[in-house]
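In what follows, a single structure is set out as structure tokens and then discussed.
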Amino acid sequence: MAFALKSSGNFCSTQHQWLHSTRDRSLSGSSHSNAKECTFKKTNRPAPLCVKATSTKVELDFNDPSWKQKFQEDWDKRFNLPRITDIYDLNPRPTTFSLKKNRNPAGDENGTPMDKWNGYVDNDDRALLKVIKYASPNSAGAECIDPDCSWVEQWVHRAGPRKEIYYEPEEVKAAIVTCGGLCPGLNDVIRQIVFTLETYGVKNIVGIPFGYRGFFEKGLKEMPLSRHLVENINLAGGSFLGVSRGGAKTSEIVDSIQARRIDMLFVLGGNGTHAGANAIHEECRKRKLKVSVVAVPKTIDNDILLMDKTFGFDTAVEEAQRAINSAYIEARSAYHGIGLVKLMGRSSGFIAMHASLSSGQVDVCLIPEVPFTLDGEYGVLRHLEHLLKTKGFCVVCVAEAAGQDLLQKSGATDASGNVIFSDIGVHMQQKIKIHFKDIGVPADVKYIDPTYMVRACRANASDAILCTVLGQNAVHGAFAGFSGITSCICNTHYVYLPITEVITAPKRVNPNSRMWHRCLTSTGQPDFH
Ligand SMILES: Nc1ncnc2c1ncn2[C@@H]1O[C@H](COP(=O)(O)OP(=O)(O)O)[C@@H](O)[C@H]1O
Ligand SMILES: O=P(O)(O)OC[C@H]1O[C@](O)(COP(=O)(O)O)[C@@H](O)[C@@H]1O
Ligand SMILES: [Mg+2]
């Protein structure tokens with residue numbers, strides 16, 4: 001019996017934020033609907049989780065001494081970056097991107113000829129995706145491929161400017177589009193894309209208004225962009241180009257790309273946007289269009305696979321922390337005060353977990369990845385009673401997608417097809433009030449729902465830097481001839497990943513990760529079930 005590494009349906013996940021112990025699987029619950037178990041050839045070991053994947057079937061037998069090599073060959077194939085030369089016979093030209101050319105075209109100040117300048121990234125440069133060697137599958141947060149949790153190198157492609165490029169900058173028309181919900185840093189990325197394109201020598205740069213909608217909605221006109229125009233847009237939050245959900249029809253979008261003669265498309269967005277970008281890339285390939293589609297992962301939710309974080313997440317956590325601080329002050333100042341804060345996160349509890357950790361003021365953090373009960377001996381309400389008795393007040397932070405099993409489903413979806421959640425914050429506020437009334441203990445509940453405040457602000461310093469690097473690298477990726485890729489940060493290094501590898505499922509908090517354990521250590525909360 002071997003497990004299917006890659007099959008038409010499933011492969012064993014090593015790179016996802018999932019863990020492989022029995023406890024983890026039970027904690028992960030129904031929220032990971034596409035997770036399936038794989039079986040190891042050896043028994044008595046926890047089985048790894050599998051996630052949906054596409055492409056060819058590769059069987060791994062861990063008794064085969066060459067399994068590692070097979071894994072790595074398959075890995076390299078999967079993480080190989082699609083490029084326009086896959087469909088076109090094209091010769092590259094020397095890059096026009098140089099930070100020294102204006103000073104001395106013949107060489108730098110030391111007389112080094114430009115082609116010897118070591119400012120370029122080699123196409124064979126790689127970064128390691130994983131750097132921890134887990135000694136056992138039972139080690140906290142272990143992500144194992146085989147039952148012995150062997151060390152296997154997982155290399156991904158380094159991002160940055162290449163010495164040779166596949167476009168004539170003077171002939172390029174580049175377009176930028178921002179999709180999905182707002183996110184701090186959108187303007188920083190737009191700005192850096194424009195700056196970098198101009199550094200290459202591109203003159204025709206346009207913004208597509210209001211997300212994918214801008215490609216086909218009549219009356220929406222593309223906006224010419226230049227360094228001059230975008231110089232200060234990073235000083236404000238939101239998107240200079242506007243955003244929208246829904247309405248993505250791939251063939252119409254590609255018709256529009258063709259009609260507008262766009263050569264490079266930079267797509268800023270989350271999971272849905274990336275799926276759309278990949279569909280556009282595939283359709284362009286099908287039509288044999290020389291178009292580079294490059295995405296930049298945006299979402300306050302931080303729910304895109306493989307990467308350290310998405311831009312905007314840090315800023316959202318910082319803002320969320322302010323809401324927690326207000327809840328703390330209200331609760332601390334009231335007799336038997338209970339501060340309750342609901343934070344965003346469509347399918348993951350990253351914002352709630354990180355804001356709870358950074359504020360240090362949260363007694364109970366509830367996320368969708370960890371089921372809980374409100375009532376009963378081990379329920380949240382009983383713990384709140386204990387906190388009021390021992391400490392006099394408490395603060396609860398709940399993620400918007402948490403505890404949905406306790407609520408009636410709304411059944412509604414947004415324009416993009418995303419599920420609209422029932423309001424766990426309001427539900428908990430009511431339950432807490434009723435509970436303390438019933439037991440005859442006074443409780444002063446203050447509920448804060450900061451919703452859009454956490455994402456309408458401008459990027460903080462760390463996000464601004466991330467946006468700068470990701471935006472610049474997106475342009476380098478397009479000039480290098482890649483398409484269907486995303487520009488991101490993995491294990492602290494800036495890399496390109498094929499979009500197909502990051503859209504198989506949303507990333508979620510691993511309940512067996514050290515980070516969640518740190519959160520529990522910080523809050524001191526017990527298990528609520
Ligand atoms: N599977 C998909 N294929 C193609 N386009 C999609 C897909 N999912 C979403 N989109 C489009 O991507 C855009 C943004 O998606 P949405 O889920 O709202 O935000 P985000 O990209 O931030 O997750 C929308 O215009 C939506 O229609
Ligand atoms: O903007 P809307 O449609 O109100 O949606 C709210 C959702 O958008 C988010 O802020 C971010 O989601 P995206 O990454 O999909 O844009 C979620 O946290 C939240 O659930
Ligand atoms: Mg999304």
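Going letter by letter, the sequence shown gives residues 1 to 529 in UniProt numbering. Just so you know, even glycine gets a beta-carbon here, dropped at the ideal spot from N, CA and C. Just so we're clear, the structure is a prediction, and the values are computed from it rather than from any experiment.
Residue i, DSSP secondary structure in three states
i: residue 75; result: helix
i: residue 341; result: strand
i: residue 117; result: coil
i: residue 529; result: coil
i: residue 251; result: helix
i: residue 130; result: coil
i: residue 518; result: helix
i: residue 157; result: strand
i: residue 83; result: strand
i: residue 298; result: strand
i: residue 315; result: helix
i: residue 437; result: helix
i: residue 501; result: helix
i: residue 471; result: helix
i: residue 336; result: coil
i: residue 496; result: strand
i: residue 188; result: helix
i: residue 147; result: coil
i: residue 486; result: strand
i: residue 268; result: strand
i: residue 523; result: helix
6 Å CB neighbourhood of residue i in its chain, flanking five on each side removed
i: residue 146; result: 62
i: residue 436; result: 443
i: residue 25; result: Any reading at residue 25 needs caution, since the residue's pLDDT is 25, under 50, leaving its predicted position unreliable; the model's value is listed next. So the list is empty, once near-sequence residues are dropped.
i: residue 471; result: 189, 192 and 193
i: residue 213; result: 244 and 247
i: residue 415; result: 245 and 246
i: residue 424; result: 398, 402 and 403
i: residue 410; result: 420 and 422
Cβ-Cβ separation, residue j to residue i (assumed contact under 8 Å), whole Å
i: residue 502; j: residue 354; result: 20 Å between Cβ atoms; not a contact.
i: residue 263; j: residue 167; result: 6 Å
i: residue 156; j: residue 490; result: 6 Å
i: residue 210; j: residue 220; result: 6 Å
i: residue 227; j: residue 198; result: 5 Å
i: residue 231; j: residue 203; result: 17 Å between Cβ atoms; not a contact.
i: residue 71; j: residue 152; result: 6 Å
i: residue 150; j: residue 68; result: 7 Å
Same chain only: Cβ atoms within 8 Å of residue i, ignoring 5 sequence neighbours per side
i: residue 121; result: 158, 159, 160, 161, 162 and 476
Nearest neighbour of residue i, chosen from the options [CA to CA]
i: residue 483; options: 155, 68, 265 and 446; result: 265
i: residue 140; options: 524, 529 and 516; result: 516
i: residue 289; options: 60, 80 and 89; result: 89
i: residue 439; options: 181, 447 and 385; result: 385
i: residue 270; options: 178, 224 and 283; result: 178
i: residue 446; options: 230, 341 and 136; result: 341
i: residue 281; options: 260, 250, 299 and 261; result: 250
i: residue 362; options: 335, 170 and 323; result: 323
i: residue 164; options: 96, 218 and 138; result: 96
i: residue 272; options: 154, 224, 418 and 388; result: 418
i: residue 397; options: 460, 378, 338 and 467; result: 338
i: residue 532; options: 207, 292 and 186; result: The structure shown does not extend to residue 532, since the chain is modelled only from 1 through 529, so no value can be given for it.
i: residue 239; options: 258, 261, 268 and 260; result: 268
i: residue 390; options: 377, 528, 344 and 336; result: 336
i: residue 529; options: 366, 466, 372 and 123; result: 372
i: residue 258; options: 305, 301 and 175; result: 175
i: residue 377; options: 360, 527 and 318; result: 527
i: residue 383; options: 505, 364, 368 and 400; result: 364
i: residue 480; options: 464, 297, 200 and 305; result: 200
Proximity test, Cβ basis, 7 Å: residue i and chain B
i: residue 175; result: Checking the listed chains, one finds no chain B in this structure; it contains a single protein chain.
Own chain, CB closer than 7 Å to residue i, minus 5 neighbours either side, in chain order
i: residue 81; result: 157, 482, 485, 496 and 498
i: residue 256; result: 215 and 216
i: residue 233; result: 187, 190, 191 and 240
i: residue 172; result: 202, 204, 263 and 264
i: residue 293; result: 265, 267, 277, 280, 281, 284, 483 and 484
i: residue 449; result: 342 and 425
i: residue 317; result: 351, 354, 355 and 358
Report yes or no: do three or more beta-carbon pairs, one from the segment 124 to 136 and one from the segment 490 to 501, lie closer than 8 Å? yes
If we count Cβ pairs, one from each stretch, closer than 8 Å, do we get three or more for the segment 453 to 461 versus the segment 67 to 75? No contact exists between the segment 453 to 461 and the segment 67 to 75.
Does the structure place the segment 520 to 528 close enough to the segment 312 to 332 that three or more beta carbon pairs sit under 8 Å? Here the segment 312 to 332 makes no contact with the segment 520 to 528; the two share fewer than three CB pairs at distances below 8 Å.
Three or more beta-carbon pairs under 8 Å between the segment 507 to 515 and the segment 341 to 350, yes or no? In short, these stretches touch, since the Cβ pair count reaches three.
Pair every Cβ in the segment 180 to 187 with every Cβ in the segment 309 to 319, then say whether three or more of these pairs are closer than 8 Å. yes
Measuring CB atoms only, is the segment 402 to 412 touching the segment 456 to 466, in the sense that at least three cross pairs come out at less than 8 Å? no
Where the beta carbon is closer than 6 Å to any heavy atom of ligand 4, which residues qualify, in chain order? Ligands displayed in this structure: ligand 1, ligand 2 and ligand 3; ligand 4 is not among them.
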